[in-house]
Amino acid sequence: TPLPTAPPLDGAPLQVETPFRPPPPPSSGNPGSPGTANLAAMVSRDWQRDEDAAACSYCHAPFDTFFRRHHCRRCRLVVCGRCSPQKMMLPHGERHPQRVCNTCAASLQPMQDELIRTQ
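Per the working numbering, the very first residue in the sequence shown carries number 24; after that it's consecutive.
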């Protein structure tokens, strides 16, 4: 079933047929390690398309010329700058910190020390 729609800036209704589900937080049997159990799921997800996001996925503030879209580099949702103010190391090989949403930042925080050491 289609998700509820929100009017985009041009007034035409926007409808997403398949809901985007962010991956669950990484898990590992070894506390403090980045864990790879859900790594394949995190990397294989498609990016949420800009055209499918009239508003932030978290705070629902509408995007416009000055309120810009960003992608969380972990869950790949379209979010605003207020909901993605942090950059963190990711467990899939990026050499520099990447923009992440607040939700992903909370789950990535415990593994940052190890990810920084292994880069």
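Don't be surprised by glycine CBs; every beta carbon is placed ideally from N, CA and C.
ALA129 sits in a helix when the DSSP states are folded into three classes.
DSSP, read as helix, strand or coil, puts ARG122 in strand.
In this chain, the beta strand (DSSP E) harbouring GLN109 covers 109-111. Under the 8 Å Cβ criterion, the segment 72-92 does not count as touching the segment 110-119, having fewer than three qualifying pairs. Between ARG72 and the set CYS82, HIS83 and ARG99, the nearest pair of CA atoms involves ARG99.
Nearest to CYS82 by C-alpha distance, out of LEU131, ASP136, SER130 and CYS106, is CYS106.
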